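Engineer: These protein sequences, in sequence, are chains W and D. Sequential numbering of the first sequence, starting at 0, is according to numbering that gives the first Met the number 0. Sequential numbering of the second sequence, starting at 0, is according to numbering that gives the first Met the number 0. Where a beta carbon is used, it is the ideal one built from N, C-alpha and C, also for glycine. Every value quoted in this text rests on a predicted model; they were computed, and no experiment measured them. Take a look at the following structure, please.
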Amino acid sequence: MFERQPLSWKQTFAMAPVQAALLALLAFVATAWFQIGPGWVDDGQGGERIGMQAVGLLDVDGYYHIVMGELYREGRVQAAGGDFHWARESIWNGSFSDKDYLYHLYLVPFTALMADGPQDARGLIAAGKLACCVNMVLLTLAMFGAMRLLGVKRAWLYTLLAVFFGAGYWVFRVNLNRSYVISIALAIVGYAMLVRAEFTAARFRALLGLFFLAAIYALTYTASHFLLVLLVVRAFLQLIVGHAELSRFAELKRNAATGLVISAGILCGMMLHPSPVNTMHHWWVQSIVVMALSHQDSMGRALDEVMRTLFSKETNYAGHIEIALGMELQEMGGRGLLFDNFAALFAPMIMPLIAAWLRWRPSREAVLTGGVSIAVFCMFLLNMRFIEYVAPFSALAVGLWAEGILASKGYAAWRRRQPVASLAWPLALAIIAVIGAVGFWVGSGLGLRPGNRGEIEQAGRWLQNHKEAHGKVVFHDRWDDFCHLLFYAPDCDYLIGLDPTFFAVKDRERYELWRSISRGKVTDFVPAVRDTFGASYMLVHRSSSDYLYNRCSEEVRAGRMKLCIRDVDDDWALFEIVRDKP
Amino acid sequence: MIESSLDRPKSAFREGLLVFLFTLLLVGLHQTQPGMVEREDGSRVFGLRSRSLHLGDSPYNIRLAYLYRTGDVAKAGSHFHWMSSSIWADNFCDKELLYHLYLAPFTLGARDAGDTSALIWGAKLGIAVMFAFLAWVFWAVLRGFGVKQAWCYVPLIVVMGGAVFMSRAAEARAWPIGVICSLTAWLVMARNRRLDLLLVAAIYTLSYAPVHFLGLLWLVRTLGCLLLGPGQTGLSRGAELRRHLTLLAMIALGVVLGVLLHPGRADFIRLWVVAYVMIPAATLQGPLRDLVFNLVVALNFATEFPPGEAKRMKLGLEFLPQAGTALLFVGGAAMLSPIVLAVTSAWHRHKPRRETLLAMGAALMTLVMAINSGRFFEIAGPFCALASALWVQDLIQSRRMQLRMALRPVLFRRLRVLACAGVFAVFGVLWATGLDRYPPMPRPWRDAAIWLRENPQARDKIVFHANWDTFPDLFFYAPHCDYIVGMDPTFLLAHDVEKSRLYWDIAFDKVDATTVPRIREMFKADYILVVAPINAGLDQECRRLESIGTLRRAYTDPIFNVAIYEFAP
Chain W
0 MFERQPLSWK
10 QTFAMAPVQA
20 ALLALLAFVA
30 TAWFQIGPGW
40 VDDGQGGERI
50 GMQAVGLLDV
60 DGYYHIVMGE
70 LYREGRVQAA
80 GGDFHWARES
90 IWNGSFSDKD
100 YLYHLYLVPF
110 TALMADGPQD
120 ARGLIAAGKL
130 ACCVNMVLLT
140 LAMFGAMRLL
150 GVKRAWLYTL
160 LAVFFGAGYW
170 VFRVNLNRSY
180 VISIALAIVG
190 YAMLVRAEFT
200 AARFRALLGL
210 FFLAAIYALT
220 YTASHFLLVL
230 LVVRAFLQLI
240 VGHAELSRFA
250 ELKRNAATGL
260 VISAGILCGM
270 MLHPSPVNTM
280 HHWWVQSIVV
290 MALSHQDSMG
300 RALDEVMRTL
310 FSKETNYAGH
320 IEIALGMELQ
330 EMGGRGLLFD
340 NFAALFAPMI
350 MPLIAAWLRW
360 RPSREAVLTG
370 GVSIAVFCMF
380 LLNMRFIEYV
390 APFSALAVGL
400 WAEGILASKG
410 YAAWRRRQPV
420 ASLAWPLALA
430 IIAVIGAVGF
440 WVGSGLGLRP
450 GNRGEIEQAG
460 RWLQNHKEAH
470 GKVVFHDRWD
480 DFCHLLFYAP
490 DCDYLIGLDP
500 TFFAVKDRER
510 YELWRSISRG
520 KVTDFVPAVR
530 DTFGASYMLV
540 HRSSSDYLYN
550 RCSEEVRAGR
560 MKLCIRDVDD
570 DWALFEIVRD
580 KP
Chain D
0 MIESSLDRPK
10 SAFREGLLVF
20 LFTLLLVGLH
30 QTQPGMVERE
40 DGSRVFGLRS
50 RSLHLGDSPY
60 NIRLAYLYRT
70 GDVAKAGSHF
80 HWMSSSIWAD
90 NFCDKELLYH
100 LYLAPFTLGA
110 RDAGDTSALI
120 WGAKLGIAVM
130 FAFLAWVFWA
140 VLRGFGVKQA
150 WCYVPLIVVM
160 GGAVFMSRAA
170 EARAWPIGVI
180 CSLTAWLVMA
190 RNRRLDLLLV
200 AAIYTLSYAP
210 VHFLGLLWLV
220 RTLGCLLLGP
230 GQTGLSRGAE
240 LRRHLTLLAM
250 IALGVVLGVL
260 LHPGRADFIR
270 LWVVAYVMIP
280 AATLQGPLRD
290 LVFNLVVALN
300 FATEFPPGEA
310 KRMKLGLEFL
320 PQAGTALLFV
330 GGAAMLSPIV
340 LAVTSAWHRH
350 KPRRETLLAM
360 GAALMTLVMA
370 INSGRFFEIA
380 GPFCALASAL
390 WVQDLIQSRR
400 MQLRMALRPV
410 LFRRLRVLAC
420 AGVFAVFGVL
430 WATGLDRYPP
440 MPRPWRDAAI
450 WLRENPQARD
460 KIVFHANWDT
470 FPDLFFYAPH
480 CDYIVGMDPT
490 FLLAHDVEKS
500 RLYWDIAFDK
510 VDATTVPRIR
520 EMFKADYILV
530 VAPINAGLDQ
540 ECRRLESIGT
550 LRRAYTDPIF
560 NVAIYEFAP
């Protein structure tokens with residue numbers, strides 16, 4: 000009988016499932032460390048003890064997503080239907096379509112497991128943190144799988160190096176409880192499938208996979224079109240590079256067919272959504288209008304022109320709407336680029352230089368994926384948030400180039416000539432990159448520890464604890480307060496959340512009025528808040544407008560408003576609007 | 000036609016002359032912007048649209064050149080009284096001495112100090128000649144590296160430098176000499192010409208103070224040589240290092256020679272430290288900045304340099320980094336060229352020569368500088384162009400490429416023509432964009448400065464101005480008066496922290512009843528120039544003091560809301 004030889008440790012670690020399992024474990028542990036932030040905390044008796052320094056969720060959107068998971072679990076979102084009354088002034092109110100539908104359903108088990116209902120803030124936060132850990136595991140496995148699919152040797156190493164290419168800002172972004180983490184995973188797997196779809200033998204299965212993936216993408220996240228963007232960039236590069244066997248035209252036709260399959264998948268995903276028509280409208284606002292408003296002089300003008308010419312519709316996105324969008328939509332550049340994202344910036348320059356020096360002719364796939372990673376990097380320069388995609392695509396491209404170089408005849412010749420130096424150089428670079436990756440993760444983990452559960456936690460708790468406030472509208476001067484308010488007081492309604500564009504698009508006049516009040520440009524604001532917005536409560540921050548903050552205090556003295564609760568540091572205050580008795 | 004002209008042999012002299020003259024013409028057109036000019040009666044006539052100097056330091060440079068010509072600078076010596084509250088006031092050392100001497104002949108058209116029109120045209124001609132010389136040097140350096148049809152690559156300077164290079168090129172400033180010296184130094188380092196390098200370093204030191212850039216170039220070159228190995232030189236790494244150390248010694252000797260030849264040699268180091276250590280450090284954040292400041296104070300280059308004060312200074316826009324869309328449009332070519340060229344080489348299995356890789360190393364260094372601070376596209380443009388030209392030449396001359404070209408000659412000829420056309424088209428667009436924009440107009444405070452010049456009582460008096468960047472214009476139009484600070488506010492901070500504090504309080508509208516008396520007491524000012532749209536707080540306070548008789552309004556410009564107040568006797 001043939002006796003099976005026991006596997007050596009080296010052989011065991013060379014097995015893909017083992018590598019995947021170890022990577023998953025590492026991702027879980029590293030994210031858990033990041034989310035918990037173990038360290039010395041105040042023990043309440045004047046001393047210190049080991050505890051959890053990161054008591055809240057990073058950034059505000061995580062609170063919204065986890066509470067949405069809870070509201071889905073309770074059936075309250077389903078009961079609300081298209082009437083998302085929690086954001087009264089948003090396009091969501093009356094035509095709601097959950098743009099992160101599948102992600103919120105995915106969060107339901109976490110809330111069920113960790114929280115005792117919507118009042119259990121600690122439990123919900125723990126659920127959000129656990130979801131972040133699982134998200135990171137999924138993302139890691141997706142990157143590893145995509146690299147394996149594309150034939151990258153030592154895929155585990157380049158998966159780890161994604162942190163090095165993404166740097167501090169990427170570490171921050173992937174530790175948020177947000178649906179785009181799933182989008183990154185879907186994008187990188189989708190790209191691997193795009194490549195597989197070019198092989199005749201694997202085409203059918205790859206296209207089938209792409210179809211389902213696109214459908215899941217559309218159900219989970221708004222930017223499902225990113226798959227089509229990847230395809231277009233790749234197809235364009237293919238036209239330049241050419242193909243050894245296929246004509247350019249034939250390749251173009253094949254890409255067009257792939258594009259149709261992806262589009263069908265996206266359409267299918269949208270149709271499977273509880274409210275398909277609203278989903279399409281929300282996609283338009285979220286993906287096109289927000290971009291136009293974040294680049295009013297360029298994209299805004301172009302969109303106005305397109306709308307006028309094609310649809311005879313007069314829009315005014317270039318009309319300089321005063322809108323404070325999220326920081327993530329800002330452009331990237333300068334010192335941040337040099338000191339944080341230097342690896343992603345210089346890798347496309349250095350890798351071809353080394354290839355040329357060693358006379359390695361890069362594979363077609365290396366050139367195409369390299370081109371795609373550069374395109375993604377350009378997107379990042381225009382919009383900081385695209386760092387999300389820079390990291391995995393840079394890691395993938397570098398993996399293809401580096402492994403190609405190491406397998407080249409030029410490198411083999413160097414090995415013969417200088418065995419020590421030729422081994423030391425790549426090893427040293429890899430060690431530096433891994434140290435860099437660990438440094439970015441640990442540095443961000445130490446620096447980004449949310450020490451509280453939201454600045455306005457007490458305001459939200461006050462609203463939830465006072466039953467008379469339930470069902471009433473709260474006027475809030477910052478659109479990003481919505482996430483915390485919904486988290487702590489889901490029984491009240493608010494004006495706007497997640498993005499002010501949803502307000503500006505619904506009613507420009509009311510939006511301008513809200514902004515004017517929030518900026519302290521309206522002296523007698525009480526009638527507008529009470530009658531126009533129908534609000535019974537008003538949450539005001541000192542930093543939004545000193546004038547408005549002080550005027551609120553004057554209105555309290557005049558008897559038109561009542562103070563409900565004020566921040567201990569006097570940074571915000573919640574007021575009740577006194578309604579005239581009938 | 001174009002194809003045949005590409006291959007036609009030409010004499011180097013004729014080619015160089017054409018590069019010079021063609022650049023002179025293009026920059027001249029850019030400076031003068033010929034076109035339809037509207038007269039006061041509304042009629043339009045063909046003329047020169049650009050009759051002022053572009054924003055920036057140009058007025059200062061041409062005026063200083065004029066004062067060199069008249070001997071006023073020599074008379075002032077190290078006491079640059081025109082900036083009465085700057086370190087220049089007592090320790091003046093012209094960091095652009097040779098550039099100002101170069102500009103001096105262009106001021107010969109000016110009859111007297113008031114003939115500003117002749118000075119403006121002189122400056123414009125000086126700019127055109129300087130850029131023609133820069134293009135010629137670039138062409139000559141390419142020839143020095145053996146690049147064929149070097150003239151084809153000259154427009155690459157603008158393509159790589161982008162809009163920032165074009166806008167910086169519109170000003171009369173000394174940096175083109177820095178670029179010329181850097182390019183020349185790169186060539187002489189490649190040829191191991193030690194005495195030439197010494198001479199270049201000395202000229203650099205005398206004409207443009209950031210001579211340390213030569214040290215950076217040397218560092219890139221040395222590290223590159225050590226990394227890439229001996230190549231065709233046959234030298235061991237040790238011998239290579241020794242050779243480079245000798246080159247570094249030559250640079251150092253050249254700098255020392257330049258400093259010794261400088262009339263203000265005693266103050267050169269201090270000025271260099273303030274301009275090139277403290278100012279860049281002021282743009283940094285955190286402990287690194289504090290460390291630099293403390294070191295500078297410890298070395299006695301400044302008595303005090305509080306980080307809080309340095310942080311709130313508004314430095315020139317040129318120090319801002321390029322970001323996002325601007326970076327893509329301005330630096331797109333410079334960022335993409337190292338990628339595209341290297342991928343093309345790898346694709347064709349072409350191993351670039353050592354010299355090509357070294358030039359690319361220098362180009363990448365300048366690109367990093369440019370991403371960090373937009374102004375450095377002025378140096379990134381020429382070095383990226385040099386690297387690209389060397390790379391393309393190297394690629395074309397490779398055996399494999401020659402073989403491919405022999406197999407498909409028509410295709411490659413067309414590709415060459417297309418590439419040339421592409422480069423010239425981008426250059427043309429950038430040039431035409433500069434030509435088409437609104438010509439520079441006089442600044443709002445020009446008439447106030449002319450009033451100072453025409454008013455004999457104001458002669459030799461100190462004028463307080465709350466914006467340091469008004470100095471070049473004030474100095475240009477009224478060189479008979481003295482001012483507070485110019486060129487960079489760090490010179491004021493290094494001179495006197497208390498004065499700087501007051502100056503920035505005023506700039507940030509923190510004005511109270513003590514402000515104006517303190518201006519009188521600390522700056523010894525006789526006049527206060529107020530540009531109301533910029534200095535709202537100071538404007539209100541001066542109006543109040545005018546109403547109670549403490550100040551007398553000596554000049555008013557109701558259109559631009561500019562006023563000059565005089566202290567009542």
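Report the partner residues of tyrosine 564 of chain D according to the DSSP bridge assignment.
Structural biologist: If you number the second sequence from 1, residue 564 of chain D lands on position 565. Tyrosine 564 of chain D is bridged to D/Ile527 and D/Arg552.
Engineer: Return no unless some Cβ of chain W is closer than 7 Å to the Cβ of valine 561 of chain D.
Structural biologist: Position 562 of the second sequence, counted from the first residue, corresponds to residue 561 of chain D. No, valine 561 of chain D does not count as interfacial toward chain W.
Engineer: So valine 472 of chain W and arginine 75 of chain W are in contact, right, with Cβ under 8 Å, and what is the actual spacing, rounded?
Structural biologist: Taking the first residue of the first sequence as position 1, residue 472 of chain W is located at position 473. Taking the first residue of the first sequence as position 1, residue 75 of chain W is located at position 76. The pair is not a contact, with the Cβ atoms about 17 Å apart (cut-off 8 Å).
Engineer: Taking DSSP as the reference, what is the three-state secondary structure of glycine 46 of chain D?
Structural biologist: Residue 46 of chain D sits at position 47 when you count from the first residue of the second sequence. Three-state result, glycine 46 of chain D: strand.
Engineer: Assuming methionine 35 of chain D is part of the beta strand (DSSP E), what are its boundary residues?
Structural biologist: As a working mapping, residue 35 of chain D is identified with position 36 in the second sequence. Unbroken beta strand (DSSP E) run through methionine 35 of chain D: 33-37.
Engineer: Closer than 9 Å by beta-carbon distance: list the chain W residues that pair up with lysine 313 of chain D, in chain order.
Structural biologist: Sequence index remark: in the second sequence, residue 313 of chain D carries index 314 (1-based). Within chain W, no residue comes near lysine 313 of chain D; the closest Cβ sits about 17 Å away, beyond 9 Å.
Engineer: Verify whether the separation of the beta carbon atoms of alanine 64 of chain D and alanine 103 of chain D is less than 7 Å.
Structural biologist: Numbered from its first residue, the second sequence carries residue 64 of chain D at position 65. Numbered from its first residue, the second sequence carries residue 103 of chain D at position 104. Against a cut-off of 7 Å, the Cβ pair of alanine 103 of chain D and alanine 64 of chain D comes out as a contact.
Engineer: Does the beta carbon of alanine 341 of chain D sit closer than 7 Å to a beta carbon anywhere in chain W?
Structural biologist: Working through the second sequence from its first residue, we reach residue 341 of chain D at position 342. So yes, alanine 341 of chain D belongs to the interface.
Engineer: Just to confirm, does methionine 277 of chain D get its C-beta within under 6 Å of one of the non-hydrogen atoms of the ligand NAD?
Structural biologist: Questions concerning the ligand NAD fall outside what the structure shown contains, since it holds no ligand whatsoever.
Engineer: Is DSSP giving threonine 28 of chain D helix, strand or coil here?
Structural biologist: For the purposes of this step, residue 28 of chain D is taken as residue 29 along the second sequence, with counting starting at 1. Just to set this straight, residue 28 of chain D is leucine in the shown sequence, not threonine. It is helical.
Engineer: Return helix, strand or coil for proline 391 of chain W, following the three-state DSSP convention.
Structural biologist: Stepping through the first sequence from its first residue, residue 391 of chain W is reached at position 392. Proline 391 of chain W: helix per DSSP, three-state reduction.
Engineer: When the cut-off is 7 Å and only beta carbons count, does arginine 577 of chain D lie next to chain W?
Structural biologist: Past the boundaries of the shown model lies residue 577 of chain D; chain D is included only from 0 to 568, so the question cannot be answered.
Engineer: Determine whether the beta carbon atoms of tyrosine 476 of chain D and valine 462 of chain D lie at a separation below 7 Å.
Structural biologist: The residue you call residue 476 of chain D lines up with position 477 of the second sequence. The residue you call residue 462 of chain D lines up with position 463 of the second sequence. Contact: no.
Engineer: Using DSSP bridges, identify the partner residues of lysine 561 of chain W.
Structural biologist: Start at 1 with the first residue of the first sequence, and residue 561 of chain W comes out as number 562. Per DSSP, W/Glu575.
Engineer: Using a Cβ cut-off of 7 Å (strictly closer), state whether methionine 290 of chain W contacts chain D.
Structural biologist: Counting from one through the first sequence, the residue named residue 290 of chain W turns up at place 291. No - not a single Cβ of chain D is within 7 Å of the one on methionine 290 of chain W.
Engineer: Looking at C-alpha atoms only, which residue of D/Met359, D/Ser85 and D/Asn454 is the closest neighbour of arginine 269 of chain D?
Structural biologist: Walking along the second sequence from the start, residue 269 of chain D turns up at place 270. Answer by Cα proximity: D/Ser85.
Engineer: With a CB to CB cut of under 7 Å and the five nearest residues on each side skipped, what residues in its chain are close to histidine 99 of chain D?
Structural biologist: Along the second sequence, one-based indexing puts residue 99 of chain D at 100. Around histidine 99 of chain D: Asn60, Leu63, Ala64, Tyr67 and Asp93.
Engineer: Return the CA-CA distance between alanine 131 of chain D and leucine 124 of chain D, expressed in angstroms with no decimal places.
Structural biologist: Walking along the second sequence from the start, residue 131 of chain D turns up at place 132. Walking along the second sequence from the start, residue 124 of chain D turns up at place 125. Using only the alpha carbons, I get a separation of about 11 Å.
Engineer: Would you mind stating whether phenylalanine 474 of chain W and serine 89 of chain W have Cβ atoms separated by less than 7 Å?
Structural biologist: Working through the first sequence from its first residue, we reach residue 474 of chain W at position 475. Working through the first sequence from its first residue, we reach residue 89 of chain W at position 90. No. Outside cutoff.
Engineer: If the cut-off is 7 Å on Cβ atoms, which residues from the stretch 345-359 of chain W count as contacting chain D, listed in chain order?
Structural biologist: Listed by position, the residues of the stretch 345-359 of chain W near chain D (Cβ gap below 7 Å) are Pro347, Met348, Pro351, Leu352, Ala354, Ala355, Trp356, Arg358 and Trp359.
Engineer: Quick one: Cα of isoleucine 49 of chain W to Cα of threonine 158 of chain W, how far?
Structural biologist: Here residue 49 of chain W refers to the residue found at position 50 of the first sequence. Here residue 158 of chain W refers to the residue found at position 159 of the first sequence. Approximately 32 Å between the Cα atoms of the pair.
Engineer: With a cut-off of 7 Å, does the C-beta of valine 371 of chain W fall near any C-beta of chain D?
Structural biologist: Position 372 of the first sequence, counted from the first residue, corresponds to residue 371 of chain W. It does not: the Cβ of valine 371 of chain W has no partner Cβ on chain D nearer than 7 Å.
Engineer: Tell me the DSSP secondary structure of proline 624 of chain W in three-state form.
Structural biologist: Shown here, chain W extends from 0 to 581; a query on residue 624 of chain W therefore has no answer.
Engineer: Count the other CB atoms within 10 Å of the CB of lysine 74 of chain D; is the residue buried (16 or more) or exposed (fewer)?
Structural biologist: By one-based count along the second sequence, residue 74 of chain D stands at place 75. That one is exposed.
Engineer: Have a look at D/Met249, D/Gly330 and D/Asn299 and flag the residue whose alpha-carbon is nearest the alpha-carbon of alanine 201 of chain D.
Structural biologist: Taking the first residue of the second sequence as position 1, residue 201 of chain D is located at position 202. Here the closest residue by C-alpha is D/Met249.
Engineer: Return the chain-ordered list of same chain residues with a C-beta closer than 7 Å to the C-beta of glycine 93 of chain W, the five sequence neighbours on each side being excluded.
Structural biologist: The sequence position of residue 93 of chain W within the first sequence is 94, counting from 1. Taken in chain order, the residues that qualify are Gly81 and Asp82.
Engineer: Kindly indicate which residue of D/Pro58, D/Phe91, D/His494 and D/Leu96 has the alpha-carbon position closest to the one of aspartate 114 of chain D.
Structural biologist: Here residue 114 of chain D is taken as the residue at index 115 of the second sequence, counted from 1. Per the Cα distances, D/Pro58.
Engineer: I need the DSSP call for glutamate 456 of chain W, collapsed to helix, strand or coil.
Structural biologist: One-based indexing of the first sequence puts residue 456 of chain W at position 457. If DSSP states are grouped into helix, strand and coil, glutamate 456 of chain W belongs with the helices.
Engineer: In whole angstroms, give me the CA-to-CA distance for threonine 582 of chain D and phenylalanine 470 of chain D.
Structural biologist: Only positions 0 to 568 of chain D appear in the structure, and residue 582 of chain D is not among them; the question remains open.
Engineer: Given 8 Å as the limit, is there contact between the stretch 229-241 of chain W and the stretch 353-371 of chain W, that is, 3 or more CB pairs closer than that?
Structural biologist: Contact between the stretch 229-241 of chain W and the stretch 353-371 of chain W is present, because at least three Cβ pairs lie under 8 Å.
Engineer: Quick one: using the 10 Å Cβ neighbour count with 16 as the cut-off for buried, is glutamine 417 of chain W buried or exposed?
Structural biologist: As a first step, residue 417 of chain W is located in the first sequence; it is residue number 418 there, counting from the start. When all chains shown are included, glutamine 417 of chain W counts as exposed.
Engineer: DSSP three-state label for arginine 7 of chain D, please.
Structural biologist: The sequence position of residue 7 of chain D within the second sequence is 8, counting from 1. Only weak support exists for where arginine 7 of chain D lies, its pLDDT of 47 falling under 50; the value from the coordinates is given anyway. Reduced to three states, the DSSP call for arginine 7 of chain D is coil.
Engineer: What number of angstroms, rounded off, separates the C-alpha of arginine 233 of chain W from the C-alpha of cysteine 383 of chain D?
Structural biologist: Within the first sequence, residue 233 of chain W is the residue found at index 234, counting from 1. Within the second sequence, residue 383 of chain D is the residue found at index 384, counting from 1. Going from the Cα of arginine 233 of chain W to the Cα of cysteine 383 of chain D covers about 28 Å.
Engineer: Check whether the stretch 479-496 of chain D and the stretch 548-565 of chain D touch, using three or more Cβ-Cβ pairs below 8 Å as the test.
Structural biologist: At 8 Å Cβ cutoff, the stretches do not touch.
Engineer: For arginine 348 of chain D, go through chain W and note every residue whose CB falls closer than 7 Å to its CB, in chain order.
Structural biologist: Residue 348 of chain D sits at position 349 when you count from the first residue of the second sequence. Result: Arg358 and Arg360.
Engineer: So, does the CB of isoleucine 576 of chain W fall closer than 7 Å to a CB anywhere in chain D?
Structural biologist: For this step, residue 576 of chain W is matched to residue 577 along the first sequence. No, isoleucine 576 of chain W lies away from the interface with chain D (no Cβ there is under 7 Å from its Cβ).
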